[in-house]
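A short worksheet on the structure shown next.
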Amino acid sequence: MTEPFDAIDVIRAKRDGGSVPEPELRWMVDAYTRGYVSDAQMASFAMAIFQRGMQRDEIRVLTDAMIASGERMSFASLGKKTVDKHSTGGVGDKITLPLAPLVAAFGVAVPQLSGRGLGHTGGTLDKLEAIPGWRAALSNEEMFAQMQGDVGAVICAAGSGLAPADKKLYALRDVTGTVEAIPLIASSIMSKKIAEGTDALVLDVKFGSGAFMQDIDRARELAQTMVALGTDSGVATTALLTDMNVPLGFAIGNANEVRESVEILAGGGPADVRELTIALAREMLALAGLPDADVEGALDGGRAMDVWNAMIRAQDGDPMAALPVANETHVVTAPADGFVTRMDALPFGISAWRLGAGRARAEDPVIHAAGIDLHAKPGDRVTAGQPLFTLSGDDAARFPRALDALEGAWEIGAEASARGPLVRERITA
Ligand code: URA
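In the working numbering, the protein residues as written are 1 to 429.
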């Protein structure tokens with residue numbers, strides 16, 4: 001086959017700050033997926049995008065080309081509205097677990113195709129695999145049957161057929177310092193979500209120390225870019241900008257995050273996890289045409305918990321089974337009386353990762369019982385000697401490096417510091 005373009009011309013065009021015309025951009029993605037454009041050339045192109053940016057139109061074409069690299073699913077035959085949620089990732093972010101059954105309790109189908117964690121942010125599938133027997137890999141038929149029937153919600157592994165170009169490009173970006181480019185993140189996330197075929201999508205775009213985007217202006221730009229991509233493709237899309245400077249809730253890990261999610265489904269749990277679960281459920285239900293749904297009532301009255309139990313059982317898990325517990329723990333106490341003034345999300349995420357809650361290489365297993373349980377959060381008054389947080393794991397030899405990560409990550413001060421609201425902004429088309 002004669003190739004219509006040269007990768008080097010496409011790279012030069014972006015390197016020199018120009019726009020890449022649609023045919024060249026589509027070809028570049030396709031030729032990379034086929035293996036004609038090399039990793040070295042694509043890495044150079046990704047770096048040029050990182051440094052020069054892309055026009056909205058180029059991002060749309062890039063996203064479209066990645067969608068075209070694989071299968072497109074459709075839930076049209078379900079006869080129900082489908083609404084999905086995507087979080088750009090954070091520390092202690094277990095919201096998908098209570099959110100999917102909560103939204104499904106209102107008769108809306110929730111196709112939550114999820115991933116595993118890499119680096120300091122946890123993966124939804126890793127958390128759910130702490131539940132004995134639970135199975136992440138479902139066939140398309142099983143997924144449809146679960147959404148169509150009484151359960152309504154499914155959280156499972158995304159098949160490799162969705163946007164394979166993104167899979168290849170994301171792995172390359174991961175090792176070439178080109179992850180944090182807005183055009184690349186937006187096209188990566190949205191290609192998978194649009195290919196999945198959901199009717200509507202709510203994005204939880206995080207900003208702060210534990211997020212991809214440290215500052216809120218960049219997070220806003222990412223959110224606006226993704227909302228525009230979804231809307232232009234016929235997926236009703238909105239986004240919330242939410243604070244990820246502090247870990248969400250009290251649990252960071254896998255089994256402990258499942259426990260905390262179950263508390264939320266029982267109508268309790270930490271206030272910030274409940275607040276964000278409710279805010280995202282409201283967004284999702286509004287997009288499904290149910291703006292007045294009694295979301296709190298479904299949590300407090302047990303309807304969401306009923307769906308959770310059914311959802312876990314449908315995937316061979318036992319929702320009543322005991323979750324793994326760590327053999328070793330290490331408690332860190334407050335050195336003085338005062339208020340917790342700071343707990344930086346990123347080092348807590350790294351520390352939990354070093355304990356074994358996350359993985360360094362995609363093929364590594366995670367330790368489901370490993371993680372950190374916080375006993376106080378910023379704003380709380382503490383007295384000297386009071387436990388601040390507990391590290392857990394199966395191997396005490398991991399504690400020193402996990403503690404190193406937390407050096408300077410938290411602070412006790414004389415006065416409580418004010419925190420801004422958790423949900424900062426709502427972005428619509
Ligand atoms: N998640 C993705 O799927 N892609 C990115 O680029 C970043 C986060």
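All C-beta atoms, glycine included, are put in the ideal place defined by N, C-alpha and C.
Note that the structure is predicted; figures quoted are calculated from it, not measured.
Cβ of residue i within 8 Å of any chain B Cβ
i: Ile412; result: This model lacks chain B altogether, as it is built from one protein chain only.
Distance cut-off 7 Å: residue i Cβ against heavy atoms of the ligand URA
i: Gly117; result: no
i: Leu113; result: no
i: Gly53; result: no
i: Ser233; result: no
i: Ser87; result: no
i: Ile155; result: no
i: Trp175; result: In the sequence on display, residue 175 carries Val and not Trp. No - the ligand URA has no heavy atom lying nearer than 7 Å to the Cβ of Val175.
i: Val179; result: yes
i: Ile372; result: no
i: Ile185; result: yes
i: Tyr32; result: no
i: Ser160; result: no
i: Tyr170; result: yes
i: Ser69; result: no
i: Ile189; result: yes
Cβ separation of residue i and residue j, assumed to be a contact under 8 Å, to the nearest whole Å
i: Pro98; j: Ala153; result: That belief does not hold up - the Cβ atoms of Pro98 and Ala153 are roughly 11 Å apart, past 8 Å.
i: Thr178; j: Phe50; result: 5 Å
i: Phe212; j: Gly92; result: Actually they are not in contact, since the Cβ atoms of Phe212 and Gly92 sit about 16 Å apart, beyond 8 Å.
i: Thr237; j: Leu201; result: 5 Å
Exposure label - residue i; buried when at least 16 CB within 10 Å
i: Gln146; result: buried
i: Ser191; result: buried
i: Gln55; result: exposed
i: Pro324; result: buried
i: Asp174; result: exposed
i: Pro4; result: exposed
i: Arg72; result: exposed
i: Glu415; result: exposed
i: Gln315; result: buried
i: Asn254; result: buried
i: Thr82; result: buried
i: Gly431; result: Here the chain has residues from 1 to 429 only, and residue 431 is not among them.
i: Gly35; result: exposed
Cβ neighbours of residue i in the same chain (closer than 6 Å, five flanking residues each side left out)
i: Leu290; result: Phe106
i: Ala117; result: Per the sequence presented here, residue 117 reads as Gly, with Ala not at that position. Taken in chain order, the residues that qualify are Gly123, Asp126 and Gly358.
Sequence-distant residues of its chain with Cβ nearer than 7 Å to residue i (five each side left out)
i: Asn256; result: Gly371 and Asp373
i: Gly208; result: Gln214, Asp243, Met244, Asn245 and Ala345
i: Arg424; result: Ile216, Leu241, Thr242 and Asp243
i: Trp27; result: Pro4 and Phe5
Contacts around residue i, its chain only, beta-carbon distance under 8 Å, and the 5 residues preceding and following it disregarded
i: Gln112; result: Asp84, Lys85, Thr96, Ala100, Thr124, Ala153, Val154, Ile155 and Cys156
Please specify which runs of the beta strand (DSSP E), each continuous and at least 3 residues long, are wholly inside the stretch 185-228, giving them in chain order. 200-207
Contained alpha helix (DSSP H) runs [length at least 4] in the stretch 290-318, N- to C-terminal order: 295-300 and 303-314
For a minimum of 3 consecutive residues, which ranges assigned as the beta strand (DSSP E) are wholly contained in the stretch 326-412? 328-333, 338-343, 371-374 and 387-393
Which runs of the beta strand (DSSP E) fall wholly inside the stretch 70-129 and span at least 3 residues, in chain order? 83-87 and 110-114
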